[in-house]
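Colleague: Quick one: the structure is below, questions incoming.
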Amino acid sequence: MATATLDSEVLLDIRDLQVHFDVRRGTVRALEGVNFTIRKSKTLGVIGESGSGKSVTARAIMQLLAKNGSIVSGEMLYNRQRDDSGDSELIDIAQQPSDSQLMRDLRGGEIAMIFQEPMSSLTPVYTAGLHIGESIQLHLKPRQTVGDQMAKAIARQNRIPREEARQIAVEMLDKVGIPRPEERVVSYPHELSGGQRQRVMIAIALSCGPKLLIADEPTTALDVTTQAQINDLMLDLQEEFGMAIMYITHDLGVIAEMAEDIAVMYLGRIVEQGTTDAIFYNPQHPYTRALLRSIPRIGQTEGSRLEVIEGMVPDPFSIPTGCSFNNRCPDVMPGVCDARMPELLIAGDGQRAACLLHDPDTMQEVTRARVH
1 MATATLDSEV
11 LLDIRDLQVH
21 FDVRRGTVRA
31 LEGVNFTIRK
41 SKTLGVIGES
51 GSGKSVTARA
61 IMQLLAKNGS
71 IVSGEMLYNR
81 QRDDSGDSEL
91 IDIAQQPSDS
101 QLMRDLRGGE
111 IAMIFQEPMS
121 SLTPVYTAGL
131 HIGESIQLHL
141 KPRQTVGDQM
151 AKAIARQNRI
161 PREEARQIAV
171 EMLDKVGIPR
181 PEERVVSYPH
191 ELSGGQRQRV
201 MIAIALSCGP
211 KLLIADEPTT
221 ALDVTTQAQI
231 NDLMLDLQEE
241 FGMAIMYITH
251 DLGVIAEMAE
261 DIAVMYLGRI
271 VEQGTTDAIF
281 YNPQHPYTRA
291 LLRSIPRIGQ
301 TEGSRLEVIE
311 GMVPDPFSIP
321 TGCSFNNRCP
331 DVMPGVCDAR
341 MPELLIAGDG
351 QRAACLLHDP
361 DTMQEVTRAR
371 VH
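Going left to right, the sequence shown walks through residues 1 to 372 as the working numbering numbers them.
Structure, rendered in structure tokens:
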């Protein structure tokens with residue numbers, strides 16, 4: 001168990017998380033000092049381009065990294081509430097083996113995840129009911145009011161009976177808006193539409209009443225109407241279950257509607273974080289401003305081109321020295337940004353940004369150099 005302390009309103013606190021992958025060419029530093037906080041019953045939006053480390057962060061929290069990946073350092077402090085006593089305990093997920101009983105209890109039970117592509121996440125030979133029922137039987141405790149001898153024997157095994165799990169699965173399918181849930185509970189993934197498969201994934205994730213739901217691009221490849229329905233469903237279920245959400249996406253329009261807080265990632269680091277209003281109305285990092293300028297806007301002149309971020313996300317083996325965004329940044333200070341790694345500094349009301357423009361000492365040096 002962790003010895004640190006957390007505010008009672010904090011559910012998960014990530015501190016200086018570093019994740020590396022060993023590949024043939026060497027070591028990929030996927031995450032380099034990630035820090036953020038998820039509050040109870042609130043939504044944290046994590047945004048950034050592909051390759052910024054969003055999904056790796058989610059998989060690290062779930063302890064589902066690939067075999068060649070490892071958590072090198074850092075803490076992932078989970079504020080676990082014990083329902084039976086009301087007491088809480090801090091668990092450092094980073095220190096738990098992925099196959100430990102504690103992680104098996106947390107993963108799927110208290111911390112659930114909606115994966116990016118439902119078709120590849122659902123087993124083609126399992127029905128929707130079997131997918132949901134498996135999670136229920138693994139994590140939910142059987143009811144104590146069992147009457148017959150067989151039910152008592154099942155209760156002693158600490159597993160919910162299969163028929164009861166099936167009934168809960170039907171209720172969950174109905175809750176996530178799938179029509180005729182009694183029939184769909186025996187449907188295979190190929191018999192469901194993309195939106196229905198995604199709803200099954202949500203039903204699996206929510207079947208055990210998690211405290212934290214990690215949604216990794218949950219509306220990818222869905223039409224805009226279905227996207228809106230899925231997002232509204234998640235907000236409704238969040239209010240009903242009182243869970244926190246970590247919502248990963250590259251769609252800034254979605255995150256404006258879903259999240260109270262935002263963390264902006266670039267090349268394995270958090271470059272800016274703050275409330276949604278602060279990030280959208282007063283962005284402090286050049287990368288965040290560039291992302292916001294690339295959004296299509298109503299009223300744009302016909303034939304005008306969208307603004308783009310110049311260049312490409314660097315190869316993981318060719319990350320620029322200093323600030324990793326310096327080779328694409330419109331505000332770059334040559335000789336400074338390519339020589340110093342910025343830290344997350346206070347920038348604005350409740351915001352923090354990893355940019356040397358907000359470092360008073362650095363800016364004083366730049367000003368003196370320009371004068372001379």
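From the three backbone atoms N, C-alpha and C, an ideal C-beta is built for every residue, glycine too.
Less than 8 Å between the CB atoms is what I'm expecting for residue 58 and residue 205, so what's the real figure, rounded?
Modeller: Not confirmed; about 12 Å, so no contact.
Colleague: Buried or exposed, going by whether 16 or more other CB atoms sit within 10 Å of the CB of residue 374?
Modeller: With the chain covering only 1 through 372, there is no way to say anything about residue 374.
Colleague: Report the partner residues of residue 17 according to the DSSP bridge assignment.
Modeller: 34.
Colleague: Identify the residues that DSSP records as bridge partners of residue 322: which are they?
Modeller: In the DSSP output, where bridge partners are listed per residue, residue 322 has none listed.
Colleague: Hey, how far is the Cα of residue 173 from the Cα of residue 162?
Modeller: Their backbone Cα atoms lie some 16 Å apart in a straight line.
Colleague: What first and last residue would you give for the alpha helix (DSSP H) that runs through residue 133?
Modeller: Run containing residue 133: 128-139, per the alpha helix (DSSP H) assignment.
Colleague: Since residue 160 is in the alpha helix (DSSP H), which residue starts that stretch and which ends it?
Modeller: From DSSP, residue 160 is part of no alpha helix (DSSP H); its letter is neither H nor E.
Colleague: Taking the straight line between their C-alpha atoms, what separation do you get for residue 341 and residue 354?
Modeller: Those two C-alpha atoms are separated by around 9 Å.
Colleague: Would you decide whether residue 370 is buried or exposed? Buried here means 16 or more other CB atoms lie within 10 Å of its CB.
Modeller: Residue 370 should be labelled exposed.
Colleague: Between residue 53 and residue 31, how many whole angstroms is the CB-CB distance? I'm expecting something under 8 Å.
Modeller: Correct: roughly 5 Å between the Cβ atoms.
Colleague: To the nearest angstrom, how far is the alpha carbon of residue 37 from that of residue 10?
Modeller: Between residue 37 and residue 10, the C-alpha separation is close to 7 Å.
Colleague: What three-state label does DSSP hand residue 95 in the structure shown?
Modeller: Residue 95: helix per DSSP, three-state reduction.
Colleague: So, is residue 67 buried or exposed, given that buried needs 16 or more other C-beta atoms within 10 angstroms?
Modeller: It counts as exposed.
Colleague: Taking the straight line between their C-alpha atoms, what separation do you get for residue 224 and residue 189?
Modeller: If I take the Cα positions, the gap works out to 21 Å.
Colleague: If the criterion is Cβ atoms closer than 9 Å, does the pair residue 169 and residue 136 meet it?
Modeller: Yes, the Cβ-Cβ distance between residue 169 and residue 136 is below 9 Å.
Colleague: Using the beta-carbon count (16 or more within 10 Å), is residue 26 buried or exposed?
Modeller: Residue 26 comes out exposed.
Colleague: Restricting to Cα atoms, I'd like to know which of 35, 69 and 16 is closest to residue 22.
Modeller: For residue 22, the nearest C-alpha among the options comes from 69.
Colleague: In angstroms, rounded to a whole number, what distance separates the CA positions of residue 272 and residue 264?
Modeller: Between residue 272 and residue 264, the C-alpha separation is close to 5 Å.
Colleague: Can you give me the Cβ contacts of residue 81 inside the same chain, cut-off strictly under 6 Å, excluding the 5 residues immediately before and after it?
Modeller: Result list for residue 81: 88, in chain order.
Colleague: Return helix, strand or coil for residue 48, following the three-state DSSP convention.
Modeller: Residue state, collapsed to three classes: coil.
Colleague: Who does residue 39 pair with in a DSSP beta bridge?
Modeller: The partner list for residue 39 (beta bridge, DSSP) reads 10.
Colleague: So, do the stretch 178-186 and the stretch 207-216 have three or more beta carbon pairs nearer to each other than 8 Å?
Modeller: Too few Cβ pairs lie closer than 8 Å, so no.
Colleague: Leaving aside the five residues before and after residue 115 along the sequence, list all residues of the same chain whose C-beta is less than 7 Å from its C-beta, in chain order.
Modeller: Answer for residue 115: 121, 201 and 216, listed in chain order.
Colleague: Leaving out five residues on either side along the sequence, give the residues of the same chain with a beta carbon under 6 Å from the beta carbon of residue 72.
Modeller: Hits under 6 Å: 18 and 20.
Colleague: Which class does residue 122 belong to by DSSP, given the choice of helix, strand or coil?
Modeller: In the structure shown, residue 122 sits in coil (DSSP, three-state: anything other than H, G, I, E or B).
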